Amino acid sequence: MDPFDSNNTEQANLPRNMIENSMFEEEPDVVDLAKDSTAFPAFPALDPDEVVYEPRSSRLLVRGLGENELDEEEEDYESSARLLGMSFMNRSSAHRPSSSPYTRQAPPRSCSRPSARTMVVCVLFLVIVASMTMVLYFLPGCTFTKSGCPKPNNTTPTEPVGPDFPWTKLRLPNSIQPLNYDLTLNPDLNTMTFTGRTVISMSVWHNTKRIVLHSAELNITKATFQIGDGKPSDVVVLEYKPRQQIAIKLAEELKEGQHCVLTLDYSASLSHTYDGFYNSSYTDKNGTKSVLAATQFEPLAARKAFPCFDEPAFKASFLIKISRKPDYIALSNMPLAKTTNITKDLVLDEFERSSVNMSTYLVAFIVAKFTCFQRNVSNTLVSVYSVPDKKEHTRYALDTASKLLQFYNTFFDIDYPLRKLDLVAIPDFLAGAMENWGLITFRETSLLVGNDSSPLEKQLVASVVAHELAHQWFGNLVTMSWWNDLWLNEGFATYMQYTSLQTEFPQLDIGNLFLGVRFRALAKDALNSSHAVSAQADTPEQVAEMFDSVSYEKGASILLMLNATLPKEQFRKGIIGYLNKFSGLNTVTEELWNSLTQAEVPPYHQNVSEMMHTWTLQKGFPLVTVSCKGDQVTLKQEHFLLTADNTTQTSSLWHIPVTYVNDSCSLDPECRQVFTLKSKSETLKLPGSVKWLKLNYKNTGFYIVHYGDEGWASLTEALTNNVTVLTHEDRASLIHDIFALSRLGCVSFRQVLYLLNYMTNETETAPLTEALLQLNTIYRLLDKRQEQRLVARMRTYILDHFGALMDSQTWEEEKSVSKQELRSALLGTACSLEETKCTEQAKDKFKQYIESNGTMRIPGDLQRVVYTVGAQTEEGWSALLQMYGHVTYDAEKRKIIQALASTQDTRRIVLILKGGLNGELFQPQELPLVISTVSGGFAGHLFAWDFVQENWDRLIEKFPVGSFAIQSIIKSTTSQFSTQAHLDQVQGFFTSLKERGSQMRSVQEALETIRLNQRWMDTILPTLRDWL
């Protein structure tokens, strides 16, 4: 699946895939405020005399103000607090000292003594009030509701768990194997509820007196059990909510080989979050609201729609029936078999029994008013569905999916096994996409583009489609046995998305994107809080956190490295053998390595398992240090581990396929030499002396290289003399590595700046965008620390080195994806630094756009730059907000959201955060994007962090603990802190959460990042002061 929210930048660190998943723990019903805004009362406006402002420690870092210099801005912050309905900066008023200088004191009032008669009346009144309060307290809360108190349900066979619940583990017992599910679902989109019947045919694998399966938030009203051809009998269902398990205890033991059938009738509410069987809505161009119901089951939410064995290894076939109104359509994994009239206003769609066995997380169904374009491709009917208003935006996805389906059929030498393949754009969908077999669901921005959309926007859609189609083989046909090996699904799908697009869509120039993805994976894996590719994942939170860049991007990166190491065709041959051997089954990582080893091409022999265990069973990656003396080259390896105190040492070793080129031959693939480094230190001999060596050719290996002072000096000199002496990938990797080594403390920041001197001659996208990203990171850290002199100097440095390129950029349509990526990065940086020419051009474009009422088309790669500049004025911000409701293209809508969230006006920052939380301005699925964008600005980053603290419980109602959305929110709001005060505050907050998120890996990552930022800033500040 594509969980990462794919639209963080125009460069789309794709599919930044991650999903929002259901968890085992018992939770209260969640009300999605976007769908039921009446569930929570509006916050009352504060009376001006009631406003008390006491800034938190974080707010003391206001630009240009000291702790006692806030008076002039007090009114602004109070107004912001009123807009939000709460104060980000205030603690409870009960804890405020009355002498606070921010407290407005009420004028003194004189009081006279009451008369005796008045006192008697008051006492009687208080007695009456107290009596009524007691009555109300002891009556049930439902007494005075419109519907009254519910009557006892005497038909429900579920009993609360006690000591009799027959199972004590998170994972289900393997004594029962489901064979087939017969599901009937009856959603009611008026009441947002549904009823269902699940008939599970099972085989007994081991003698047992219990059947344990999953169920969450389902009210089971009837249960029957049948053994073989015997008569069904009623049974009692036990439930253990903390583990979302139900069980049936049997009087007589089931014997191995027996067949049995469990039938469960139940009712439930459609979910108000983004997992399970959930409700959604959209408004068409005429203002008419339509509702729909859709599913998102990965990893642990199928149990919210029907009782099931909700683990990947329990594969079964499915026959699904769904009732609907005649003006709706129903979709599921398989083609429609027949439709039956139930009543005048209701029909029942029955779908074919699945021709393949599926894990429960791949089951899907949708009830909506969608339309589609479709096409027959290689005996498969490919359809792309959307809301009717956006049907014309599905054509590109249809063309792309059709071409990629043919590619995968050929590449894997196994035809897609189903007769139909639906791709569906859902208006309210949190993940980037989800690979349900035969019914792939997408966020609209991941599937829909128009004829006028930019090549970068098409690149995003093509990437997500390629990722999800690859899953139809890796993940669906062959599935990991448990979530600890999630990378077998996601790492492969990520690798294949880039492989397929490079072959079938070379014009999309996907190589730069994949290179950037590998750089970002290295950054995460350098932290002590990282995890092995194949890692333990037991609890629901641990399972959710497996959906991260280690499983996706590192998984893809080590596959790229392996493929580049093996003889030609061995990798593909091994994959085909793996898919054929385990088709329809579940596997573990070792089976993949065995298949690749068995596919060896004589006379070459390599134990793939021995090599790749070092990359999948331990976290992190190696630092390779190289030194040359004549023709002798010494290579050393150690764990590249960023720690704040440099004390953590590991004995980790990797089998590293070290590739290298030298000054005599450095560009062509034939120049590449390979040496496998297995021990701590080894020596290789060159044919002769060389001026310099460049290791990790085109950055295909997952490691960082340190060349020593002499080596870095030689490479810097070579690039200064001739920028094209290395490939653009190699130049980008040098920039990435030297910044990483600076953070590690292996090179001085002065050496970083020496290397960057060559950048004035650079013209290629990859090295330029990597340099800009690294410099912008430092700029933001300095800005947040209020190092204003250094901020000004860094601005000058960036404009001096990149200003000529910035000035040369055009503002018209550009067809080259690579040039669009570069232009977006250059002008985005220039305008963020308030470079005059850039901001004037952007203002002019924005003015034309507003005056044309949005009909003038701004190039897609420039939209965010133009909108962000335009949103910095009150008039521009308001005009853009109004324009948001009329924009047709979903990618453009997201750029408008980012522009609105980039405002430096504190009132609007508060307004947009509140509007994102309540769904008043945008759908809640966009809230992580809003928070991330607000966090990027100086005025907003402290507001965003305080907002997360104040609203944590509401955030984890919408997005489960450990989900990618929560990971993103934590990272974006804390990653720019670099002081001890903020470290203490972040640590204190998350420690206080306990079971509500304190143990998340992303929390440990956030704390590590702050410590590392603090150390790095302390280290490089003297150099920056001298150099800049």
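Residues in the sequence shown are numbered from 1045 upward in steps of one, following our numbering. For each residue, glycine too, the CB sits at the ideal point set by N, CA and C. Small disclaimer: the values here were computed from a predicted structure and weren't measured.
- Per DSSP, reduced to three states, the secondary structure at P1222 is strand.
- Bridge pairing for D1393: I1366, T1383 [DSSP].
- Within the same chain, Cβ atoms closer than 8 Å to the Cβ of K1859 are found at P1499, the five residues on either side in sequence being excluded.
- Distances from the alpha-carbon of L1483 to those of L1971, D1997, L2027, M1045 put M1045 closest.
- Of the other Cβ atoms in all chains shown, fewer than 16 fall within 10 Å of the Cβ of T1720; this residue is therefore exposed.
- The C-beta separation of A1267 from L1294 comes to about 12 Å, leaving the pair out of contact by the 8 Å criterion.
- DSSP, read as helix, strand or coil, puts D1046 in strand.
- For H1750, DSSP records a beta bridge to T1669.
- Our two residues, Y1310 and E1634, have alpha carbons roughly 41 Å apart in a direct line.
- Sorting M2044, A1312, T2067, L1973 by C-alpha distance to the C-alpha of S1574 places M2044 at the top.
- Residue environment for I1386: exposed (fewer than 16 other C-beta atoms within 10 angstroms of its C-beta).
- Around the beta-carbon of A1836, fewer than 16 other beta-carbon atoms lie within 10 Å, marking it exposed.
- Apart from sequence neighbours up to five positions away, the residues of its chain that approach W1698 with a beta-carbon distance below 6 Å are T1658, P1666, ordered along the chain.
- If the five residues before and after E1773 are omitted, its C-beta is found closer than 7 Å to the C-beta atoms of L1559, K1742, N1743, A1810, all from its own chain and listed in chain order.
- Rounded to the nearest angstrom, the gap between the Cα atoms of I1941 and D1827 is 23 Å.
- Ranked by Cα distance from I1255, the first of L1262, E1261, M1246 is M1246.
- Given a length threshold of 4 residues, each whole run of the alpha helix (DSSP H) inside the segment 1877 to 1934 is given here in chain order: 1880 to 1895, 1904 to 1914, 1918 to 1928.
- Here the alpha carbons of L1557 and F1549 stand approximately 14 Å from one another.
- Note that the segment 2018 to 2032 touches the segment 2057 to 2067; at least 3 beta-carbon pairs, one per stretch, sit closer than 8 Å.
- With at least 16 other beta carbons inside 10 angstroms of its own, V1677 counts as buried.
- At the C-beta level, L1770 and S1710 come within 8 Å of one another.
- Partner residues in a beta bridge of D1529, as assigned by DSSP, do not exist.
- In terms of Cβ geometry, G1914 and A1943 form a close pair [threshold 8 Å].
- For K1447, the enclosing alpha helix (DSSP H) begins and ends at 1439 to 1455.
- Excluding sequence positions up to five before and after T1538, its CB lies within less than 6 Å of the CB of Y1596, A1600, all in the same chain and listed in chain order.
- With three or more CB-CB distances shorter than 8 Å, the segment 1360 to 1370 counts as touching the segment 1378 to 1398.
- The C-beta of H1511 has 16 or more other C-beta atoms within 10 Å across all chains shown, which makes the residue buried.
- Taking all protein chains in view, the Cβ of T1694 is surrounded by fewer than 16 other Cβ atoms within 10 Å, so the residue is classified as exposed.
- For V1796, the enclosing alpha helix (DSSP H) stretches over residues 1793 to 1800.
- Three or more Cβ pairs closer than 8 Å define a contact, and the segment 1561 to 1573 falls short of that threshold against the segment 1864 to 1872.
- For L1530 against M1605, the beta-carbon gap comes to about 19 Å, at or over 8 Å, which does not count as contact.
- Judged by DSSP in its simplified three-state form, P1231 adopts strand.
- Under the three-state reduction of DSSP, G1476 is assigned to coil, being neither helix nor strand.
- Considered as a whole, the segment 1606 to 1664 harbours no complete run of any beta strand (DSSP E) with no fewer than 3 residues.
- Short of 6 Å from the beta carbon of G1745, and not among the five residues preceding or following it, lie these beta carbons of its own chain, in chain order: M1605.
- The criterion of a C-beta distance shorter than 8 Å is not satisfied by D1707 and V1749.
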